[in-house]
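Right, one structure below, let's go through it.
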Amino acid sequence: LGWTDSPGLSYGKLRASWSRVGNDAQTYLTDTYFDRTVAGGDNLLPGIEFPAFGVRALEQQGTLGNPHLKPETLTALEFGADLRFFRGRLLLDLTWYRALSRDQIVDAQLSAATGFLRAPRNAGTIENTGWELSFGGVPLRRKDFRWEVGGQFTRFRSIVRKLPESQAGIVLASFTNVSTMILEGQPYGVLVGTAFQRDAAGRRIIGADGFPLVSPEHRVLGDPTPDWLMGLRQAWTWKGFTLSALVDIRSGGDIWNGTRGVMSYLGISKESGELRELRGYVFEGVTENGEPNTRPVDLANPANGMSGIYWRRYGFIGLAEAHIEPGSWVRLRELKLSWVWQPRRWFRQAPNLRFSLAGYNLLLFTPYSGIDPETNLRGDSNILGWDYFNMPNTKSWNFSLEVNF
Numbered sequence: 001l002g003w004t005d006s007p008g009l010s011y012g013k014l015r016a017s018w019s020r021v022g023n024d025a026q027t028y029l030t031d032t033y034f035d036r037t038v039a040g041g042d043n044l045l046p047g048i049e050f051p052a053f054g055v056r057a058l059e060q061q062g063t064l065g066n067p068h069l070k071p072e073t074l075t076a077l078e079f080g081a082d083l084r085f086f087r088g089r090l091l092l093d094l095t096w097y098r099a100l101s102r103d104q105i106v107d108a109q110l111s112a113a114t115g116f117l118r119a120p121r122n123a124g125t126i127e128n129t130g131w132e133l134s135f136g137g138v139p140l141r142r143k144d145f146r147w148e149v150g151g152q153f154t155r156f157r158s159i160v161r162k163l164p165e166s167q168a169g170i171v172l173a174s175f176t177n178v179s180t181m182i183l184e185g186q187p188y189g190v191l192v193g194t195a196f197q198r199d200a201a202g203r204r205i206i207g208a209d210g211f212p213l214v215s216p217e218h219r220v221l222g223d224p225t226p227d228w229l230m231g232l233r234q235a236w237t238w239k240g241f242t243l244s245a246l247v248d249i250r251s252g253g254d255i256w257n258g259t260r261g262v263m264s265y266l267g268i269s270k271e272s273g274e275l276r277e278l279r280g281y282v283f284e285g286v287t288e289n290g291e292p293n294t295r296p297v298d299l300a301n302p303a304n305g306m307s308g309i310y311w312r313r314y315g316f317i318g319l320a321e322a323h324i325e326p327g328s329w330v331r332l333r334e335l336k337l338s339w340v341w342q343p344r345r346w347f348r349q350a351p352n353l354r355f356s357l358a359g360y361n362l363l364l365f366t367p368y369s370g371i372d373p374e375t376n377l378r379g380d381s382n383i384l385g386w387d388y389f390n391m392p393n394t395k396s397w398n399f400s401l402e403v404n405f
């Protein structure tokens, strides 16, 4: 195409692909099975597993088999470009993709009243689109000095286009006052839970006592999926020394901070500690007749009973909507200093030595009020955005010595 004659672009390649693949249900999902029974036992002592003492016993599994489960199909379209500039000093790899998943198989939660906990279901049609950009380069290169830059940028969307006609929504998981659900027209795995009552314009409705009213229905509260992710790595090398840093950036993504809800209920959160003496506070919103609210209240006046304490009147964890927070962050994921000693220059049989000192999760900048927004109560990839006294990430240092013969 004549690109090789360009003074800047030294290499270019375009690519496109289309695919359609099918995926059948995993083994044992279409029927309900029985397992061996374990009686008794606790965290210290094991229980009795049957058959034992000549007695046979089986118990029904908590997963309800689905004999009507259909195979899921994935149709994907992808375009990309691989570009190199200035004789390889700058590298770019750009990809756009669109994947349409039909009859996607998900593990849905059931009411315990059914006698089961979960059941596999076909979730309808889900569309995934996104951009991926990888880049790298060497902005500066001298005899004894080298500066390298590399990184990745990812932006993706997952929208539920259609659900089976018999289902208004699919609950992936629920906990206290919040759930992760699949709803038609919404991003995959939105947060749904208890909320304030609002009018048609989205304004919060304030009751006659001056406090916000509770909606009789659960509402969509947020999307835990981030808007975009970015990782940026830089390395500076001078003679035998190399200093490198990895910065992670996450933009968007909501988190339910259940930890703050419980601590506020108990009166030990920063929020309840700072605001409990506040008097004459006016909640933003409208009254039940649509007029702007002007009624002042005390956020925590024991003389008014439990209903007069803002953090107690809505229950143990409070309303889920009140504890939805942004989960954006900028963090210094890794900082590493290494030194390579090469005695082979003087002694042919001597090994080369590399000394390295690295620190991980050293700095975090985030609007999230919890310990760390990079957390998840459930631990799996389908259920995001739950923080309920989760264990925080660790800050660590590491020293290593490498010997190369």
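Just so you know, we're using my numbering here: the sequence shown kicks off at 1 and counts up by one. Glycine included, each C-beta is placed from N, C-alpha and C at the ideal position.
- A residue is called buried once 16 or more other Cβ atoms fall within 10 Å of its Cβ, and residue 49, having fewer, is exposed.
- By alpha-carbon distance to residue 78, the top candidate from 364, 24, 17, 130 is 17.
- Here residue 80 is not near residue 63, since their CB atoms are 7 Å or more apart.
- Using a C-beta cut-off of 8 Å, the segment 180-192 makes contact with the segment 213-224, since at least three inter-stretch Cβ pairs fall below that distance.
- In this structure, the straight-line span from the alpha carbon of residue 109 to that of residue 294 is close to 43 Å.
- Secondary structure at residue 291: coil, using DSSP grouped into helix, strand and coil.
- Using a Cβ distance threshold of 7 Å, residue 324 and residue 254 count as a contacting pair.
- Put simply, the segment 274-289 does not touch the segment 363-383. Fewer than three CB pairs are less than 8 Å apart.
- Scanning the segment 315-388 from its first residue to its last, the whole beta strand (DSSP E) runs of 3-plus residues come out as 324-326, 329-341, 352-365.
- Under DSSP, residue 181 forms a beta bridge with 171, 190.
- Closest in C-alpha terms to residue 342, from the list 251, 355, 102, comes 355.
- For residue 145, the closest alpha carbon among the candidates 8, 53, 240 is that of 240.
- The beta carbon of residue 148 lies closer than 6 Å to those of 138, 235 in the same chain, with the five residues before and after it left out.
- Judged by DSSP secondary structure, residue 143 falls outside any beta strand (DSSP E); it is assigned neither H nor E.
- The Cβ atoms of residue 152 and residue 65 do not sit closer than 7 Å to each other.
- Assignment of residue 263 by DSSP, reduced to helix, strand and coil, places it in the helix class.
- Distances from the alpha-carbon of residue 315 to those of 403, 402, 290, 267 put 267 closest.
- Note on residue 391: under 16 other CB atoms within 10 angstroms of its CB, so exposed under the neighbour-count rule.
- Distance between residue 156 and residue 37, taken at the CA atoms: about 44 Å.
- By the C-beta density criterion, residue 319 is buried, having at least 16 other C-beta atoms within 10 angstroms.
- When DSSP assignments are scanned along the segment 86-126, the uninterrupted stretches of beta strand (DSSP E) that are 3 or more residues long and fall wholly within it turn out to be 90-102, 105-109, 118-122.
- At the C-beta level, residue 227 and residue 251 come within 7 Å of one another.
- The beta-bridge partner set that DSSP reports for residue 201 is empty.
- In this structure, residue 385 sits away from residue 172, with a CB-CB distance that is not shorter than 7 Å.
- Non-local beta-carbon contacts of residue 309 in its own chain, meaning distances under 6 Å to residues more than five positions away in sequence, involve 300 in chain order.
- Straight through space, the alpha carbons of residue 68 and residue 27 are spaced by roughly 14 Å.
- DSSP places residue 14 inside the beta strand (DSSP E), whose first and last residues are 9-23.
- The closest CA to that of residue 304, considering only 53, 279, 396, is found on 279.
- Within a 10 Å sphere around the beta-carbon of residue 398 sit fewer than 16 other beta-carbons, which makes this residue exposed.
- In this structure, the CA atom of residue 82 is about 8 Å from the CA atom of residue 15.
- Here the C-alpha atom of residue 40 lies approximately 21 Å from the C-alpha atom of residue 116.
- For residue 154, DSSP records a beta bridge to 132, 229.
- When the beta-carbon positions are compared, residue 93 and residue 134 come within less than 7 Å of each other.
- In this model, residue 132 and residue 199 are separated by some 40 Å (Cα to Cα).
- The residues 255, 257, 325, 326, 327, 328, 329, in chain order, have a CB closer than 8 Å to that of residue 368 in the same chain once the five nearest residues on each side in sequence are set aside.
- Residue 76 sits in a strand when the DSSP states are folded into three classes.
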